[in-house]
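Chains as they are written, first to last, in my numbering: chain A, 1 to 459; chain B, 1001 to 1584.
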Amino acid sequence: MMMKHLKLNGVNGSLATLDGVKNAAAEEIVELHLGDGTSRTGRVVKIDGDEVNIQVFEGTRGMSMANTETVFTGRPMDIALSPEILGRVFDGLGRPIDGLGDVYPVEKRDVNGAPINPVSREYPRNFIQTGISSIDALATLIRGQKLPIFSGSGMKHNELAVQIVRQSSIADGDDFAIVFAAMGVKNDVAHYFRSSFEEANVMDRVVMLLNLANDPIVERIMTPRCALTIAEYLAFTLHKHVLVVLTDMTSYAEALREFSGSKGEIPGRKGFPGYLYSDLASLYERAGMIAGVEGSVTQIPILTMPNDDITHPIPDLTGYITEGQIVLDRDLDYKGIYPPVSVLPSLSRLMKDGIGEGYTRDDHSALANQLLATYAKVQDAKALASVIGEDELSAEDKLLMSFGRAFEAEFLNQSFTENRSIGETLDLGWSLLSMLPRNMLDRVDDAILDAHYVVGVQK
Amino acid sequence: MSENKIYGINGPVVTIQGETDLSMLETVFVGNSRLIGEVIGLKKDLTTIQVYEETTGLTVGEPIYSTGAPMQVALGPGLLGNIFDGIQRPLPAIEKKFGAFIGRGAQFFALDAEKKYDVTLCVQAGDRVSGGDVYATCPETSAVTHRVMIPPDKSGVIAEVRGNGQYTVNETVAVLKTDAGEEIPLTLVQHWAIRTPRPIKKRLPAVKPLITGQRVIDTVFPIAKGGAAAIPGGFGTGKTMTQHQLAKWCDADIIIYVGCGERGNEMTQVLQEFSELTDPRTGKPLLERTVLIANTSNMPVAAREASIYTGITLAEYYRDMGYHTALMADSTSRWAEALREISGRLEEMPADEGFPAYLPSRLSEFYERSGYVENLNGTDGSVTLIGAVSPQGSDFSEPVTQNTKRFTRCFWALDKSLAYARHYPAINWNLSYSEYIGDLSNWYRDAVSPDFMKYRDELCALLSEENSLMEIVKLIGADVLPDDQKLIIEIARVIRVGFLQQNAFHADDTFVPLEKQFKMMHVILHLYHRAKEVVARQVPISKLLATGLFDKLVKMKYDVPNNNLGLLDDYLQEIDTVMDGILR
Chain A
1 MMMKHLKLNG VNGSLATLDG VKNAAAEEIV ELHLGDGTSR TGRVVKIDGD
51 EVNIQVFEGT RGMSMANTET VFTGRPMDIA LSPEILGRVF DGLGRPIDGL
101 GDVYPVEKRD VNGAPINPVS REYPRNFIQT GISSIDALAT LIRGQKLPIF
151 SGSGMKHNEL AVQIVRQSSI ADGDDFAIVF AAMGVKNDVA HYFRSSFEEA
201 NVMDRVVMLL NLANDPIVER IMTPRCALTI AEYLAFTLHK HVLVVLTDMT
251 SYAEALREFS GSKGEIPGRK GFPGYLYSDL ASLYERAGMI AGVEGSVTQI
301 PILTMPNDDI THPIPDLTGY ITEGQIVLDR DLDYKGIYPP VSVLPSLSRL
351 MKDGIGEGYT RDDHSALANQ LLATYAKVQD AKALASVIGE DELSAEDKLL
401 MSFGRAFEAE FLNQSFTENR SIGETLDLGW SLLSMLPRNM LDRVDDAILD
451 AHYVVGVQK
Chain B
1001 MSENKIYGIN GPVVTIQGET DLSMLETVFV GNSRLIGEVI GLKKDLTTIQ
1051 VYEETTGLTV GEPIYSTGAP MQVALGPGLL GNIFDGIQRP LPAIEKKFGA
1101 FIGRGAQFFA LDAEKKYDVT LCVQAGDRVS GGDVYATCPE TSAVTHRVMI
1151 PPDKSGVIAE VRGNGQYTVN ETVAVLKTDA GEEIPLTLVQ HWAIRTPRPI
1201 KKRLPAVKPL ITGQRVIDTV FPIAKGGAAA IPGGFGTGKT MTQHQLAKWC
1251 DADIIIYVGC GERGNEMTQV LQEFSELTDP RTGKPLLERT VLIANTSNMP
1301 VAAREASIYT GITLAEYYRD MGYHTALMAD STSRWAEALR EISGRLEEMP
1351 ADEGFPAYLP SRLSEFYERS GYVENLNGTD GSVTLIGAVS PQGSDFSEPV
1401 TQNTKRFTRC FWALDKSLAY ARHYPAINWN LSYSEYIGDL SNWYRDAVSP
1451 DFMKYRDELC ALLSEENSLM EIVKLIGADV LPDDQKLIIE IARVIRVGFL
1501 QQNAFHADDT FVPLEKQFKM MHVILHLYHR AKEVVARQVP ISKLLATGLF
1551 DKLVKMKYDV PNNNLGLLDD YLQEIDTVMD GILR
């Protein structure tokens, strides 16, 4: 039954209030017809008796209390899916904007998705070779993982994401697809991703959802949900290995905050709503694999840390949900090191089960441990050197300093097009460690050292 | 009776207008799809219900059905080895019904109603029984015998007993006649409201440690059986990893592992790993002594709030049988956030950082359900609580960490910089503490060695001395220190890397028996004492370091297998020989 309601009761930010509504359903989609003949889409967010709060996706500009007609559709937000969505470009709500017409739906799905039953999950173990040493060796990406990039404005997170996507998808042959969701990013950034996909000749395997910086904020809240619904469809119905790039999660969370504020909700830390954790989790947890089903959803969310502060609620809560993080560092970036991955705070939680014999190489975990432990000591030596001067350092600390420099220049640093195999990466790590005397490598047992310690490199 | 209808919907909170006959904390079914909910507020003209499932599509005017009972769990054989959501619905049954994605509005009986257990009756007709008495036993898994008890609030005379044999959980095995003359059939199942602690006879002092096989815990910051510990740490510091290690190796009889608002993949991992790993004490798969409760971060928030209580009720039930149980809650911060989220929807007045003012009292209620007790049936049992805390922004001054600290006596503070250096478990020895040391020292004296506590204190003193020396080193470098202080720094390195740090992926190092912990400590301190003697005679420390003894001790955790501890005595001898050689 389609009931039309004339007039509104109030408008506040992106929220419209309407009363006298019978039988409204939670999360139901409504259409709002304006006096000038245009129409907008909204979603029921709160019901109190016959009073209903509606979130208007395109914003409430130009809406008046008198001339708005509201139609309740009786269904939640859904999205049209078909194998033909590959290669298409949509707006933040999943409506085509590439001029190729509507998608003929094979299936429609609620964009909110449903949680994957932990019993049905397949524990991710397959290593994805990104060809980037710092990631492959020290924060290994696993198929079905959610591994965000914590960056800051002006750092090269977009380049890194493109390089990961390009180099990791090559190995997959025909079975891969990419879902790219832009939330509040600049037009140039969206263009950069698009032209990179075109250059890599993968555009026919990409689905793009664009909610750019000047697009309505409220749509932004739905963008990742649409993207992940598409990704789940491609992965678990069409059995592809899907890599989802979500950028920029900071804009998403800020949209959520703005919207929460207009609803008059009680704010938590830094004004973000108390449910930010649950909300982010409902997105990130949609990565994974299902036992007995071919296909996977791997997520690479990108977020810019406000003021490079990792304790800000957005990176903080993200880190608690995702399976590790890749943190970019401004000092390394200034030094011209690309990718500027700060390896100490970076981490991949699934790495421990996806590396080693049968996956990468038996010495991988020992090498990673030793590299990180040693590089942590380099930081101590650096701190000391900045106080007393490098000349005054002990012999051991001087060795550490030169190891640190070589590690940054040769291991972390690589070119945008360089695709190192895991074997090359690990061997490079061992040859760098071999600059140090054997007794300084206290995380590795002798058998592994015998096999990999390179004699003659030591300074 | 007036019919209850939905009036308002706000996320997981649903309201009913007008007076109702519902009672506080009663379980209700909401809407035509019968979603599970719980009454959390009663006013004259408004009843508030939190719904344990996603409310999308719920419509105003749909009916609300009362059940007349509070949220409760089914207790009986079939819990162990199973995995439940926050309100005790078995996830495998949900999978069977809905497939890989969790659907809504389904009710399940928590236990396997088809499975037959080999039941042995241990009462006879005419026996007088009261709450807690065991009337039947059955092997629940090959590792654990289930003792079926009279519910705590019932007593009377056994009127009838069926014979030993094969029964399903819902079949009557005996009949109880209460003093009021009511006949109650006794099956293998009883029900208990999750928010009510199960009664006990009395509390006993907690004087036995929970042995975990983790050196930094057992030796430095031990926890008692029946104690409560908090593991706070920012992301990536290894909270979950530590909880997994404890769940795998600690010497409790029963483990309840609650994944409260955490990652789905982690629960999958626990499920897989625990069915593959064997319990070193019984030789059976670890899963046979474990109950998993998984309410992952993307599952409904109200059920997350309940999951902690579901878990603790199961733990208490096994405690009542006379078992030592341990509950790992990962993470209590997510539970506190669920409280905050629901409190926000109720528009309650927020206290610290938006958390409700009743956060401290809820936390204390929860942690006080731990304890070493004498049960109603006279057996001893314990519930040990180990709660992970995920402080916002890794800042330990936030409300959940601070309030948890007040109600736990063990504080294992995880440290980011240790984790960055891949020093795991990243328990910071300067920030952590255990108040159980005094209570447990007699046990260590009698069961391990009279010297245990003395060595432990010396170890801690060295670490704390190193800590103050490092302040100087950070400013002017280690070179200027006198040799006896350099020695402290060197020996502290051996303690840190060789003792405190433990490799969870190493076959021998993942679990270390107390005897080995003690002997390792002995060897390290022996080296220190002898080296101190040598340094006092003006031998330069570089000469000591050149012996390679320090590096050798760092690796002894790998070099000495757990089943050949005699090797550690050779270390003592070698130290003596080398030192004597230097002095000669």
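We put the CB at the ideal spot given by N, CA and C, even for glycine.
1. Do residue 1060 of chain B and residue 1049 of chain B have their CB atoms nearer than 9 Å?
2. Assuming contact is defined by CB atoms lying nearer than 9 Å, are residue 1403 of chain B and residue 1413 of chain B in contact in what I supplied?
3. Using only CA atoms, which one of A:255, A:285, A:284 lies nearest to residue 273 of chain A?
4. Does DSSP put residue 1371 of chain B in a helix, in a strand, or in coil?
5. Does any CB atom of chain A fall closer than 9 Å to the CB of residue 1338 of chain B?
6. For the beta strand (DSSP E) that contains residue 72 of chain A, what are its first and last residues?
7. So is residue 364 of chain A in contact with chain B if we call contact Cβ pairs under 9 Å?
8. Just the chain A side, please: which residues come within less than 8 Å of residue 1052 of chain B by C-beta, in chain order?
9. Considering only residues of the same chain and omitting the five flanking positions on each side of residue 1394 of chain B, which have a CB-CB separation below 7 Å?
10. I'd like to know if residue 298 of chain A contacts chain B, where contact means its C-beta is closer than 9 Å to some C-beta of that chain.
11. Which residues in chain B have a C-beta closer than 7 Å to the C-beta of residue 269 of chain A? List them in chain order.
12. Using a C-beta to C-beta distance shorter than 7 Å, which residues of chain A count as neighbours of residue 1091 of chain B?
13. So, at 8 Å on beta carbons, what are the nonlocal neighbours of residue 277 of chain A in its own chain, with the 5 sequence-adjacent residues on each side left out?
14. If you draw a straight line from the C-alpha of residue 1206 of chain B to the C-alpha of residue 1381 of chain B, how long is it?
15. So is residue 1474 of chain B in contact with chain A if we call contact Cβ pairs under 9 Å?
16. Have a look at residue 1373 of chain B and residue 1524 of chain B and give me their C-alpha separation to the nearest angstrom.
17. Based on DSSP bridge pairs, tell me the residues matched to residue 1292 of chain B.
18. List the residues of chain B whose Cβ lies closer than 8 Å to the Cβ of residue 49 of chain A, in chain order.
19. To the nearest angstrom, how far is it from the Cα of residue 369 of chain A to the Cα of residue 1422 of chain B?
20. Does the distance from the CB of residue 1388 of chain B to the CB of residue 1310 of chain B come in under 9 Å?
21. Name, please, each residue of chain A whose Cβ falls closer than 7 Å to the Cβ of residue 1107 of chain B.
22. Which chain B residues sit within Cβ distance under 9 Å of residue 311 of chain A?
23. Output needed for residue 331 of chain A: all residues of its chain with C-beta closer than 6 Å, excluding positions within five of it in sequence on either side, in chain order.
24. Suppose the cutoff is 8 Å on Cβ atoms and the five residues either side in sequence are ignored; what does the same chain contact list for residue 1139 of chain B look like?
25. Could you check whether the stretch 1215-1226 of chain B touches the stretch 1487-1504 of chain B, counting it as contact only if at least three pairs of C-beta atoms, one from each stretch, sit closer than 8 Å?
26. Assuming residue 180 of chain A and residue 205 of chain A form a contact by the criterion Cβ under 8 Å, report the distance between their Cβ atoms to the nearest whole angstrom.
27. Are the beta-carbon atoms of residue 1303 of chain B and residue 1053 of chain B separated by less than 9 Å?
28. Going by Cα to Cα distance, which pick from A:439, A:281, A:410 is closest to residue 431 of chain A?
29. For the stretch 1358-1391 of chain B, enumerate the residues whose C-beta is nearer than 8 Å to any C-beta of chain A, in chain order.
30. Taking 9 Å as the threshold (C-beta atoms), are residue 1582 of chain B and residue 1000 of chain B in contact?
31. Per DSSP, which one or two residues make a beta bridge with residue 55 of chain A?
32. Hey, residue 1465 of chain B and residue 1545 of chain B: beta-carbon distance below 9 Å or not?
33. Can a CB atom of chain A be found closer than 9 Å to the CB of residue 1585 of chain B?
34. Using a beta-carbon distance cut-off of less than 8 Å, what residues from the stretch 1241-1257 of chain B approach chain A?
35. Can you tell me which of B:1578, B:1535, B:1510, B:1584 puts its alpha carbon nearest to the alpha carbon of residue 1212 of chain B?
36. Which residues of chain B have a Cβ atom closer than 8 Å to the Cβ of residue 352 of chain A, listed in chain order?
The short version:
1. Numbered from its first residue, the second sequence carries residue 1060 of chain B at position 60. Numbered from its first residue, the second sequence carries residue 1049 of chain B at position 49. Cβ distance not < 9 Å, so residue 1060 of chain B and residue 1049 of chain B don't count as in contact.
2. Taking the first residue of the second sequence as position 1, residue 1403 of chain B is located at position 403. Taking the first residue of the second sequence as position 1, residue 1413 of chain B is located at position 413. Contact flag unset, no.
3. Residue mapping note: residue 273 of chain A aligns to position 273 of the first sequence, counting from 1. Ranking A:255, A:285, A:284 by Cα distance to residue 273 of chain A puts A:255 first.
4. If you number the second sequence from 1, residue 1371 of chain B lands on position 371. Three-state DSSP puts residue 1371 of chain B in a strand.
5. For this step, residue 1338 of chain B is matched to residue 338 along the second sequence. True, the Cβ-Cβ gap to chain A drops below 9 Å.
6. Taking the first residue of the first sequence as 1, we reach residue 72 of chain A at position 72. Where residue 72 of chain A is concerned, the enclosing beta strand (DSSP E) stretches over 69-76.
7. Here residue 364 of chain A refers to the residue found at position 364 of the first sequence. Not one chain B Cβ lies under 9 Å of residue 364 of chain A.
8. Here residue 1052 of chain B refers to the residue found at position 52 when the second sequence is read from its first residue. Residues of chain A passing the Cβ test: none, with the nearest at roughly 13 Å.
9. For this step, residue 1394 of chain B is matched to residue 394 along the second sequence. Cβ neighbours of residue 1394 of chain B beyond the five flanking positions: 1234, 1416.
10. For the purposes of this step, residue 298 of chain A is taken as the residue at position 298 of the first sequence. Chain B contact via Cβ: absent.
11. Working through the first sequence from its first residue, we reach residue 269 of chain A at position 269. Within 7 Å Cβ-Cβ: 1353, 1392.
12. To locate residue 1091 of chain B, count along the second sequence from 1; it is residue 91. Simply 117, 118, 119.
13. Counting from one through the first sequence, the residue named residue 277 of chain A turns up at place 277. Once the five neighbours on either side are set aside, the close Cβ partners of residue 277 of chain A are 317, 320, 321.
14. For this step, residue 1206 of chain B is matched to residue 206 along the second sequence. For this step, residue 1381 of chain B is matched to residue 381 along the second sequence. Computed Cα separation, rounded: 11 Å.
15. Taking the second sequence and counting its residues from 1, the one referred to as residue 1474 of chain B is at position 474. Closer than 9 Å: yes.
16. Translated into the one-based positions of the second sequence, residue 1373 of chain B becomes position 373. Translated into the one-based positions of the second sequence, residue 1524 of chain B becomes position 524. Spanning the two alpha carbons is a distance of roughly 38 Å.
17. Position 292 of the second sequence, counted from the first residue, corresponds to residue 1292 of chain B. Paired residues: B:1083, B:1257.
18. Position 49 of the first sequence holds residue 49 of chain A. Correct list: 1007, 1008, 1017, 1060.
19. The sequence position of residue 369 of chain A within the first sequence is 369, counting from 1. The sequence position of residue 1422 of chain B within the second sequence is 422, counting from 1. Between residue 369 of chain A and residue 1422 of chain B, the C-alpha separation is close to 6 Å.
20. Within the second sequence, numbered from 1, the residue matching residue 1388 of chain B stands at position 388. Within the second sequence, numbered from 1, the residue matching residue 1310 of chain B stands at position 310. Not a contact, by the Cβ cut-off of 9 Å.
21. The residue given as residue 1107 of chain B occupies position 107 in the second sequence. Result: empty, since nearest Cβ-Cβ is about 16 Å, beyond 7 Å.
22. Stepping through the first sequence from its first residue, residue 311 of chain A is reached at position 311. Within chain B, the residues near residue 311 of chain A are 1234, 1392, 1393, 1394, 1395.
23. Residue 331 of chain A sits at position 331 when you count from the first residue of the first sequence. No residues qualify anywhere along the chain.
24. Numbered from 1 along the second sequence, position 139 holds the residue referred to as residue 1139 of chain B. Cβ within range, chain order: 1117, 1118, 1145, 1146.
25. yes
26. Here residue 180 of chain A refers to the residue found at position 180 when the first sequence is read from its first residue. Here residue 205 of chain A refers to the residue found at position 205 when the first sequence is read from its first residue. Actually they do not touch by this definition, with Cβ atoms about 11 Å apart.
27. Numbered from its first residue, the second sequence carries residue 1303 of chain B at position 303. Numbered from its first residue, the second sequence carries residue 1053 of chain B at position 53. Yes; because the gap between Cβ atoms is below 9 Å, this pair is in contact.
28. By one-based count along the first sequence, residue 431 of chain A stands at place 431. Cα-wise, what sits closest to residue 431 of chain A is A:410.
29. 1390
30. Because chain B spans 1001 through 1584 in this model, residue 1000 of chain B falls outside it and cannot be assessed.
31. Here residue 55 of chain A is taken as the residue at index 55 of the first sequence, counted from 1. Answer by DSSP bridge pairing, in chain order: A:15, A:43.
32. Residue numbering aside, residue 1465 of chain B sits at position 465 when the second sequence is read from its first letter. Residue numbering aside, residue 1545 of chain B sits at position 545 when the second sequence is read from its first letter. Not closer than 9 Å, so no.
33. Nothing about residue 1585 of chain B can be reported from this structure: the residues present for chain B run from 1001 to 1584 only.
34. none
35. Start at 1 with the first residue of the second sequence, and residue 1212 of chain B comes out as number 212. Among B:1578, B:1535, B:1510, B:1584, the Cα nearest to that of residue 1212 of chain B is on B:1510.
36. Position 352 of the first sequence, counted from the start, is the residue given in the question as residue 352 of chain A. Residues of chain B passing the Cβ test: 1505.
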